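Enquirer: The sequence shown lines up with residues 292 to 688 when you count with our numbering. Glycine residues also receive a C-beta, built at the ideal position from the N, C-alpha and C atoms. In this text, all values refer to a predicted model and were calculated from it rather than measured experimentally.
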Amino acid sequence: MTLPTVSLKPRRAQPILNRHPWVFEGAIGQVSGDPAPGAEVLVQSKDAQPIGRGLFNPNSNIRVRMFSWDKDEPINEALFAARINEAATLRESIVDPKTTSACRVFFSESDGLSGLIVDRYGDWLLVQLTSLALAERREVLFDLLEKRFAPRGIWLRTEKGIREAEGLEIADGLVRGEEPPRPISIFENGLTFQVDVTQGQKTGGFLDQRENHFAVSKLVRGHRILDMFCYAGGFGITAVALGEAASIVGVDSSEPALELARINAELNGVADRTEFLKADAFKYLEEANARGEMFDTVILDPPKMTRRRSGLAGAMRGYRSLNELSVTLLRPGGLLVTCSCSGLISQSDMESMLATVSTSTNRRIQILESRGQAADHPVSPNCPENAYLKCFVCRVT
Ligand code: SAH
Numbered sequence: 292m293t294l295p296t297v298s299l300k301p302r303r304a305q306p307i308l309n310r311h312p313w314v315f316e317g318a319i320g321q322v323s324g325d326p327a328p329g330a331e332v333l334v335q336s337k338d339a340q341p342i343g344r345g346l347f348n349p350n351s352n353i354r355v356r357m358f359s360w361d362k363d364e365p366i367n368e369a370l371f372a373a374r375i376n377e378a379a380t381l382r383e384s385i386v387d388p389k390t391t392s393a394c395r396v397f398f399s400e401s402d403g404l405s406g407l408i409v410d411r412y413g414d415w416l417l418v419q420l421t422s423l424a425l426a427e428r429r430e431v432l433f434d435l436l437e438k439r440f441a442p443r444g445i446w447l448r449t450e451k452g453i454r455e456a457e458g459l460e461i462a463d464g465l466v467r468g469e470e471p472p473r474p475i476s477i478f479e480n481g482l483t484f485q486v487d488v489t490q491g492q493k494t495g496g497f498l499d500q501r502e503n504h505f506a507v508s509k510l511v512r513g514h515r516i517l518d519m520f521c522y523a524g525g526f527g528i529t530a531v532a533l534g535e536a537a538s539i540v541g542v543d544s545s546e547p548a549l550e551l552a553r554i555n556a557e558l559n560g561v562a563d564r565t566e567f568l569k570a571d572a573f574k575y576l577e578e579a580n581a582r583g584e585m586f587d588t589v590i591l592d593p594p595k596m597t598r599r600r601s602g603l604a605g606a607m608r609g610y611r612s613l614n615e616l617s618v619t620l621l622r623p624g625g626l627l628v629t630c631s632c633s634g635l636i637s638q639s640d641m642e643s644m645l646a647t648v649s650t651s652t653n654r655r656i657q658i659l660e661s662r663g664q665a666a667d668h669p670v671s672p673n674c675p676e677n678a679y680l681k682c683f684v685c686r687v688t
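Below, the structure written as structure tokens:
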């Protein structure tokens with residue numbers, strides 16, 4: 292069988308030759324053989340030198356997602372099975388099941404299948420399909436996931452905007468086995484957390500922050516902590532329960548998240564040292580400044596501030612303002628833990644922002660640790676877009 296072909300423009304082929312898995316519309320010179328949406332295609336140079344194989348989507352800005360740089364390797368169940376197995380084996384070697392029962396077991400391009408994300412929460416799998424081609428092949432993928440992980444159930448969730456970006460028509464909900472309980476109980480760093488995997492934000496938990504929760508807990512003994520954007524309490528509860536922080540105030544605008552945070556504080560025996568408040572972050576920080584409050588540690592973990600390049604300047608202003616309002620709440624020698632999960636904002640954007648904040652607040656900032664997402668969210672150097680989380684641990688004097 293001859294595959295339809297996608298020929299790249301000579302001046303746009305280099306990223307794909309460097310194994311970047313996305314072929315954008317503008318990089319394509321010619322499409323031959325009339326590939327259907329989701330069809331397998333051979334990607335080649337202008338002079339018909341094969342580059343590899345991918346899956347086609349005429350509805351997406353990412354016209355082809357590459358799955359192999361071997362022109363003879365078919366994109367089929369065997370390839371999916373091998374990549375799922377490899378990804379699962381990696382997690383078995385980096386996530387200790389004695390202390391952690393929830394992790395990302397498959398991370399899209401980083402694990403070799405662009406458009407598949409799978410999070411494990413105890414006995415359940417949460418699947419996100421972010422490409423049309425894999426959504427079309429979902430039954431095969433669900434079969435393979437059942438076989439490899441033997442979950443009690445698989446639940447499908449689709450992130451905002453993906454349906455439109457990819458032309459997807461899929462319904463969220465239970466796709467295999469039993470429904471997950473609401474909330475579901477997991478453990479992370481040896482602590483117990485309840486999360487809502489069907490209705491909660493992201494896939495229920497912020498698994499990408501697990502190692503940062505632990506790292507911060509090592510530095511905060513005796514601290515009075517302000518945990519801004521606390522969600523279900525990951526940073527603050529870990530700091531008190533493992534790190535012997537004196538107390539935390541957690542702030543979030545979502546009441547369902549705060550209800551879970553309060554339950555989680557109880558479950559880990561630290562309810563007497565925690566307080567969770569519903570408020571808008573900017574407003575809370577301004578009022579805390581006006582009251583002259585002081586903390587030993589402030590944690591800032593805002594949601595994604597922009598999905599588009601056009602929103603970058605506004606997002607940076609938001610980060611600057613949040614960080615300024617936090618730095619001024621810190622006693623000299625205190626800790627600022629400042630995060631960004633906006634993929635479009637780089638590590639050096641954040642560093643420049645911190646330099647500006649240091650100047651405008653007249654405080655000295657030392658970056659002690661520049662951290663990223665947990666190891667179960669690996670990053671392929673060929674697809675740096677997957678490195679989205681930044682977490683700086685800073686001393687402020
Ligand atoms: N720190 C958490 C994850 C935070 S996710 C953890 O480690 O698990 C971002 C959080 O910001 C969400 O819980 C969301 O409800 C909250 N949020 C979004 N906008 C907000 C605002 N304007 N003020 C306060 N919280 C906000």
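Between D571 and ligand 1, is the CB less than 6 Å from at least one heavy atom?
Expert: Because some heavy atom of ligand 1 lies under 6 Å away, the Cβ of D571 counts as near it: yes.
Enquirer: What residue range does the beta strand (DSSP E) around I461 cover?
Expert: First-last for I461: undefined, no H or E at that position.
Enquirer: If I measure Cβ to Cβ from E368 and keep anything under 6 Å in the same chain, skipping five residues before and after, which residues do I get?
Expert: The answer, listed in chain order, is V431.
Enquirer: Would you list, in sequence order, the uninterrupted beta strand (DSSP E) runs of no fewer than 3 residues that lie entirely inside the region 529–558?
Expert: If we require 3 residues or more, the beta strand (DSSP E) runs fully inside the region 529–558 come out as 538–543.
Enquirer: Using the DSSP secondary-structure output, state which residues sit across from D518 in a beta bridge.
Expert: Answer is G541 and I590.
Enquirer: Got a sec: does ligand 1 put a non-hydrogen atom nearer than 6 Å to the Cβ of A548?
Expert: At least one heavy atom of ligand 1 is nearer than 6 Å to the Cβ of A548, so yes.
Enquirer: The alpha helix (DSSP H) spanning I385 covers which residue range?
Expert: Per DSSP, I385 belongs to the alpha helix (DSSP H) from E368 to I385.
Enquirer: Straight-line CA distance for A248 to R374?
Expert: What the structure shows of the chain is the stretch from 292 to 688, and residue 248 is not part of that stretch, so it cannot be assessed.
Enquirer: Please return the same chain residues whose Cβ sits closer than 8 Å to the Cβ of V466, not counting the five positions on each side in sequence.
Expert: Hits under 8 Å: V418, R429, F433, I445, W446 and L447.
Enquirer: For G625, which of K300, S401 and T588 has the nearest alpha-carbon?
Expert: The shortest C-alpha separation from G625 is found at T588.
Enquirer: Measuring alpha carbon to alpha carbon, tell me which residue in G403, R564 and I461 is nearest E427.
Expert: If we check each option's Cα against that of E427, I461 comes out closest.
Enquirer: Could you tell me if M555 is buried or exposed, where buried requires 16 or more neighbouring beta carbons within 10 angstroms of its beta carbon?
Expert: Going by the sequence as given, residue 555 is Asn instead of Met. Classification of N555: buried, given that the 10 Å Cβ count is 16 or more.
Enquirer: What separation, rounded to the nearest whole angstrom, lies between the Cα atoms of L645 and G605?
Expert: Going from the Cα of L645 to the Cα of G605 covers about 16 Å.
Enquirer: What separation, rounded to the nearest whole angstrom, lies between the Cα atoms of R622 and I307?
Expert: R622 and I307: Cα-Cα distance of roughly 50 Å.
Enquirer: Rounded to whole angstroms, what's the CA-CA distance from T619 to N580? Just pull it up for me.
Expert: Approximately 7 Å between the Cα atoms of the pair.
Enquirer: With H, G and I counted as helix, E and B as strand and the rest as coil, what does DSSP make of I342?
Expert: Strand at I342.
Enquirer: For F672, which residues from the same chain have a beta carbon less than 6 Å from its beta carbon, with the 5 sequence-adjacent residues on both sides left out?
Expert: Here residue 672 turns out to be Pro, not Phe, going by the sequence shown. Once the five neighbours on either side are set aside, P672 has no close Cβ partner at all.
Enquirer: Residue range of the alpha helix (DSSP H) that G491 falls in?
Expert: Per DSSP, G491 belongs to no alpha helix (DSSP H) and is neither H nor E.
Enquirer: Should D592 be counted as a contact of ligand 1 given a C-beta to heavy atom distance under 6 Å?
Expert: Yes, Cβ of D592 sits closer than 6 Å to a heavy atom of ligand 1.
Enquirer: Can D543 be considered in contact with ligand 1, in the sense that its beta carbon sits closer than 6 Å to one or more heavy atoms?
Expert: Yes, the beta carbon of D543 sits closer than 6 Å to at least one heavy atom of ligand 1.
Enquirer: Could you please give the first and the last residue of the uninterrupted beta strand (DSSP E) stretch that includes D410?
Expert: Element bounds for D410: L407 to Y412.
Enquirer: Flag F567 as yes when its Cβ comes closer than 6 Å to any non-hydrogen atom of ligand 1, and as no otherwise.
Expert: No, Cβ of F567 sits at least 6 Å from all heavy atoms of ligand 1.
Enquirer: What's the gap between the Cα of F397 and the Cα of E584?
Expert: Straight-line Cα distance between these residues: approximately 43 Å.
Enquirer: If you check the beta carbons only, do L423 and E457 fall under 7 Å apart?
Expert: It is a contact, given that the beta carbons lie within the stated cut-off.
Enquirer: Give the C-beta separation of V332 and G317 to the nearest angstrom, bearing in mind that I take them to be a contact with Cβ-Cβ under 8 Å.
Expert: Contact flag wrong, Cβ pair sits at about 17 Å.
Enquirer: Please find out if some non-hydrogen atom of ligand 2 comes closer than 6 Å to the beta-carbon of Q500.
Expert: Within the structure as shown, ligand 2 is missing, the only ligands being ligand 1.
Enquirer: When we look at the beta-carbon of I385 and count the other beta-carbons within 10 Å, is it buried (16 or more) or exposed?
Expert: By the neighbour-count rule (16 or more Cβ atoms within 10 Å), I385 is not buried but exposed.
Enquirer: Which residue marks the beginning of the beta strand (DSSP E) containing I472, and which one marks its end?
Expert: It is worth fixing the name first, because residue 472 is Pro in this sequence and not Ile. From DSSP, P472 is part of no beta strand (DSSP E); its letter is neither H nor E.
Enquirer: Nearest to K389 by CA position, among E479, D487 and Q664, is which residue?
Expert: Out of E479, D487 and Q664, E479 has the C-alpha closest to the C-alpha of K389.
Enquirer: At which residues does the beta strand (DSSP E) containing F397 begin and terminate?
Expert: Taken as a continuous stretch (DSSP letters only), the beta strand (DSSP E) holding F397 covers A393 to F398.
Enquirer: Does any heavy atom of ligand 1 sit closer than 6 Å to the C-beta of F497?
Expert: Yes, the Cβ of F497 comes within 6 Å of a heavy atom of ligand 1.
Enquirer: Does the Cβ of L576 have 16 or more other Cβ atoms within 10 Å, making it buried, or fewer, making it exposed?
Expert: Buried is the call here.
Enquirer: Under 7 Å, do L435 and G406 count as touching if we go by C-beta distance?
Expert: Result no, Cβ atoms of L435 and G406 do not sit closer than 7 Å.
Enquirer: Comparing C-alpha positions only, which one of C632, D518 and A532 sits nearest to S544?
Expert: Residue D518 is the option with its Cα nearest to S544.
Enquirer: Tell me whether C433 sits in a helix, a strand or coil according to DSSP, three-state version.
Expert: One detail in the question is off: residue 433 reads as Phe in this sequence, not Cys. F433: helix per DSSP, three-state reduction.
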